Structures are given as C-alpha cells and as structure tokens.
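Going by the numbering used here, the letters in the sequence shown line up with residues 2 to 123, in that order.
Glycine included, C-beta positions come from ideal geometry on N, C-alpha and C.
Values in this document were obtained by computation on a predicted structure and should not be read as measured data.
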Amino acid sequence: MTLSIEVYRATSRFPVSERYGLTSQVRRAAVSVPSNIAEGFGREDTPDMLRFFRIARGSLFELRTQLLIARKLEFLPADDAPTELIEETDRVLQALIRSLQPDKPRPRHDKHPATTIELEVP
C-alpha cells in the first residue's frame, strides 16, 4: 500500500485540469495493484490467486507507463516518481507468481529490449 500512498502524494501536485484525466487514471492503477494482490490472497485456489497476481502486475505496468507520461508532460519531477517502489513491487509479484505456477518456462519482458526501453523511467 506504500506505493499507492506515494502515488497519491505525487499526483496531488498534478494540474487541476488533469483531475479527471491522468490524475484519476494514475491513482486507479496505483490502488488496483494492492487491491488485486489482496483479492488474490483471498482466493482459495491457486489458479485464481495467480490470475489476480497477474492482474496486479498488469496494473503495475499501466502505472509505470502513466507515470512516464506524467514525467514527459512535466507534471512529475524525476526524483518524485516512485520508481524504486514500482520495481520492488514487480520483483515481489514476479517471485510470488513463479512460486505458485506450475513448472513451465514463461516468456519474460526483459527478452524484448525494445518494449522495456520505452517503459523505463530514467
């Protein structure tokens, strides 16, 4: 939940004109991450848990992209983006998903540098 709180703090400085635009989208994505993790833990079977953990990870990627847009629009200074929290949350989610899924190789995003370069927040 720390990530969501940090995102709310950061977006409080976005322009008022973005209240129902990017501010709202960023906040929804930030709240979706811990909400889906919690819902996954509340499920009793592994496939359901995995589904919600993957949804949480998708929301995390959505959040990362939205914060990159906010930075490019100069709504958010580089040092104000919770980049480290996003990366840490992603590592934890990946480990959790790997620990629960059946043993089979899955494609990783880092094998596609063209995709990940655009998503990096310098």
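Measuring alpha carbon to alpha carbon, tell me which of the options ends up nearest residue i.
{"i": "glutamate 89", "options": "Val34, Phe42, Gln102, Leu69", "result": "Val34"}
{"i": "valine 32", "options": "Ser60, Thr66, Arg52, Ser13", "result": "Ser60"}
{"i": "aspartate 91", "options": "Ala57, Ile6, Ser5", "result": "Ala57"}
{"i": "leucine 101", "options": "Ala82, Ile70, Pro83, Arg52", "result": "Arg52"}
{"i": "serine 5", "options": "Pro103, Glu19, Tyr21, Ile38", "result": "Ile38"}
In whole angstroms, what separates the C-alpha of residue i from that of residue j?
{"i": "phenylalanine 54", "j": "valine 17", "result": "33 angstroms"}
{"i": "alanine 11", "j": "threonine 3", "result": "12 angstroms"}
{"i": "arginine 14", "j": "aspartate 104", "result": "45 angstroms"}
{"i": "serine 36", "j": "alanine 71", "result": "23 angstroms"}
{"i": "proline 48", "j": "aspartate 81", "result": "36 angstroms"}
Under a Cβ-count criterion, where at least 16 other Cβ atoms within 10 Å of its own Cβ denotes burial, should residue i be classed as buried or exposed?
{"i": "arginine 65", "result": "buried"}
If you pair each beta-carbon of the region 38-47 with each one of the region 9-28, do three or more pairs fall below 8 angstroms? Cβ pair count under 8 angstroms is below three, so no.
The region 91-106 contacting the region 68-77, beta-carbon criterion three pairs below 8 angstroms: No, they do not touch.
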